[in-house]
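Enquirer: Below you will find the structure I want to go over with you.
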Amino acid sequence: MDGPRGTKKEEFPAVMDLVNSVFRPEKKSMEKEYAVIFNEGNYENLRIIIENGKPVCHIGMRLREIKICGCKSKAGSIGGVCTDPAYRKKGYSTTLLNDCIKKMDEEGCDFMLVSGDRGLYDRADCMRAGKVCRWTVRGDLERFKVSGLSIRDFSRDAVPDMIKAYNAKPVRFIRTAEDWECGFTCGQVMNRPCVFVPVYENEKFSGYLIIFIFDEGTNKVGEVMEYAGPAKSLLGSISLLYQKFNLARLSFNVPFYDEKLNRLMREKNFNVEVTPAHGTIRILNFTRLMQRMAPYFKKRIGRIADSIRFSEKNGKFIFELGKEKLVLPDRRILTWSVLGTPEGYPITNIGGLADLLSRIFPMPIPWPGLNYV
């Protein structure tokens, strides 16, 4: 066995053969659909195991800085996880996943984001966490129209404004030009073929939506995979989307921290299902994450945030304030406590420390959108 390690340039075609054989045996389109990871600049992050001179197991990684309410952190996303059927049940996927966790931590990632929730990830303490409101919109939409609002077909002229709108979001990925270009070129967002829809108000750019449109029986159905811009414009665009794409129903995924858009949706009495954030998440480095989030904590609870101490010992995660101590027994409880769950995951210890932590957590994490791997 050779590995786990990164991919050499001359091995890349064989890696793509493996990945396509598992995920796209007929289309062989993974390199195009997921150019964000399958590209020359990312070979070292295409982690592989070699047997008999060929790659037999693969996990692709993409590392990106993220912003959370003014604080800079870093997340690693994984995808294209596969093993040649002839080499399964040898523990290769687990070996590679542990390698990815180690490499991400060494490169400063605080989170590992996984698109799936299979047993491999569960055993590595990748948890379903966070909270997203999935709004379902249908029925009479005339009352939602906003005067002067319009939507247009995507054109490259809108790209600078789209980037600016996304960068105004308080919780987001710090995207490169390559990230945007990959999305525009392949038209694939969160494993779905999507259309990009710029929104204008009085002929001036206001925001955008990225929508997956599909057939459900004889009906057209849409799902918003990403959005940016003023909540009022986004809400007002819904009736225009129905008309343009002849929709029977539209689903709109809104993270819990987008309080304004969630409030407007609630006021319109749309149906809502509260779900975990997409995929599963592992917190990689507790103490580093807490240090990086210190300015956010201070905004939430004031100067006393500077007095809270964070540590990890023997697989336990510890918060301390003066003589008070709160110990979370494992990484799963840590993830639910810090990022929350749809049902809520309250910190139940009695005392001032628990009260302060309940005002800090759950903290937000970016919706993947174009950065989905």
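With the sequence shown counted from 1, adding 1 to any position gets you our numbering. Idealized CB from N, CA, C, for every residue including glycine. Since the model is a prediction, treat every value here as computed from it, not as a measurement.
For proline 296, which of helix, strand or coil comes out of DSSP?
Expert: Here proline 296 sits in helix by DSSP.
Enquirer: Whole-angstrom Cβ separation of aspartate 111 and arginine 333, contact assumed at under 8 Å?
Expert: About 17 Å; that fails the 8 Å criterion.
Enquirer: Whose C-alpha, out of Glu107, Asn203 and Ala249, is nearest the C-alpha of threonine 219?
Expert: That would be Ala249, whose Cα lies nearest to the Cα of threonine 219.
Enquirer: Give me the residue from Pro171, Gly353 and Tyr167 with the minimum Cα distance to phenylalanine 181.
Expert: Here residue 181 is tryptophan; the residue named in the question, phenylalanine, does not match the sequence. The shortest Cα separation from tryptophan 181 among Pro171, Gly353 and Tyr167 belongs to Tyr167.
Enquirer: Is it the case that the Cβ atoms of arginine 135 and asparagine 254 are separated by a distance below 8 Å?
Expert: Going by C-beta atoms, arginine 135 is nearer than 8 Å to asparagine 254.
Enquirer: Helix or strand or just coil, what does DSSP make of aspartate 356?
Expert: Aspartate 356: helix per DSSP, three-state reduction.
Enquirer: Are asparagine 53 and glycine 7 touching if we call contact CB-CB under 8 Å?
Expert: Cβ atoms of asparagine 53 and glycine 7: not closer than 8 Å.
Enquirer: Might you give, ordered along the chain, the residues of its own chain that have their beta carbon closer than 7 Å to the beta carbon of phenylalanine 215, omitting 5 neighbours on each side?
Expert: Counting only Cβ-Cβ distances below 7 Å, and skipping sequence neighbours, we find Val222.
Enquirer: Helix, strand or coil for tryptophan 136? Go by DSSP, reduced to three states.
Expert: In this structure, tryptophan 136 counts as strand in the three-state DSSP scheme.
Enquirer: For tyrosine 243, which residues from the same chain have a beta carbon less than 6 Å from its beta carbon, with the 5 sequence-adjacent residues on both sides left out?
Expert: Correct list, in chain order: Leu142.
Enquirer: Tell me, which residues are paired with valine 275 by DSSP?
Expert: In the DSSP output, where bridge partners are listed per residue, valine 275 has Cys134.
Enquirer: Looking at C-beta atoms only, is the number of pairs between the segment 145 to 155 and the segment 34 to 46 that lie closer than 8 Å three or more?
Expert: With the cut-off at 8 Å, the segment 145 to 155 and the segment 34 to 46 do not touch.
Enquirer: If we count the other Cβ atoms within 10 Å of its Cβ and call it buried at 16 or more, is aspartate 259 buried or exposed?
Expert: Classification of aspartate 259: buried, given that the 10 Å Cβ count is 16 or more.
Enquirer: In three-state terms, what does DSSP make of asparagine 177?
Expert: Going by the sequence as given, residue 177 is threonine instead of asparagine. Of the three classes helix, strand and coil, the one that applies to threonine 177 here is coil, per DSSP.
Enquirer: Let me check one thing: in DSSP terms, what residues is tyrosine 201 bridge-paired to?
Expert: DSSP lists Ser151 and Phe206 as partners of tyrosine 201.
Enquirer: Go through its chain and collect everything with a Cβ distance to glutamate 274's Cβ below 6 Å, but skip five positions before and after it.
Expert: Cβ neighbours of glutamate 274 beyond the five flanking positions: Arg135.
Enquirer: If you run the structure through DSSP and keep just helix, strand and coil, what is phenylalanine 215?
Expert: Phenylalanine 215 falls in the strand class under three-state DSSP.
Enquirer: What do you reckon, are the CB atoms on leucine 327 and leucine 354 nearer than 8 Å?
Expert: Yes.
Enquirer: Taking Cβ positions, are arginine 176 and leucine 371 nearer each other than 8 Å?
Expert: Yes, the Cβ-Cβ distance between arginine 176 and leucine 371 is below 8 Å.
Enquirer: Given this structure, state the Cα-to-Cα distance separating isoleucine 361 from aspartate 85, to the nearest angstrom.
Expert: So the alpha carbons of these two residues sit roughly 44 Å apart.
Enquirer: Whose C-alpha, out of Cys72, Ile38 and Ile50, is nearest the C-alpha of arginine 63?
Expert: Selected option, being the one with the closest Cα: Ile38.
Enquirer: Once the 5 residues before and after lysine 269 are set aside, which same chain residues still bring their CB inside 6 Å of it?
Expert: Result list for lysine 269: empty, nothing under 6 Å.
Enquirer: Glutamate 217 to glycine 109, Cα distance in whole Å?
Expert: When rounded, the distance between both Cα atoms is 43 Å.
Enquirer: Can you look up lysine 245 in the DSSP assignment and give me helix, strand or coil?
Expert: Lysine 245: helix per DSSP, three-state reduction.
Enquirer: Have a look at valine 82 and proline 194 and give me their C-alpha separation to the nearest angstrom.
Expert: Rounded to the nearest angstrom, the two C-alpha atoms are 21 Å apart.
Enquirer: Just to confirm the assignment, what range does the beta strand (DSSP E) spanning isoleucine 60 have?
Expert: Residues 55 to 69.
Enquirer: Rounded to a whole number of angstroms, what is the C-alpha to C-alpha distance between serine 207 and leucine 241?
Expert: In a straight line, the C-alpha of serine 207 is about 14 Å away from that of leucine 241.
Enquirer: Taking only three categories from DSSP, how would you classify alanine 76?
Expert: Alanine 76: strand per DSSP, three-state reduction.
Enquirer: Bridge partners of proline 194, per DSSP?
Expert: The partner list for proline 194 (beta bridge, DSSP) reads Gln189.
Enquirer: Is the segment 111 to 130 in contact with the segment 72 to 81, if contact means three or more CB pairs nearer than 8 Å?
Expert: The segment 111 to 130, when compared against the segment 72 to 81, does touch it at the 8 Å Cβ threshold.
Enquirer: Considering leucine 113, what are the terminal residues of the beta strand (DSSP E) in which it resides?
Expert: Sequence check: residue 113 is methionine here, not leucine. Here the beta strand (DSSP E) through methionine 113 covers 112 to 115.
Enquirer: Please classify lysine 90: does DSSP put it in a helix, a strand, or coil?
Expert: Three-state result, lysine 90: coil.
Enquirer: Could I get the ranges of all uninterrupted alpha helix (DSSP H) runs contained in the segment 280 to 349, with 4 residues as the minimum, in chain order?
Expert: Correct list: 287 to 293, 295 to 302 and 332 to 340.
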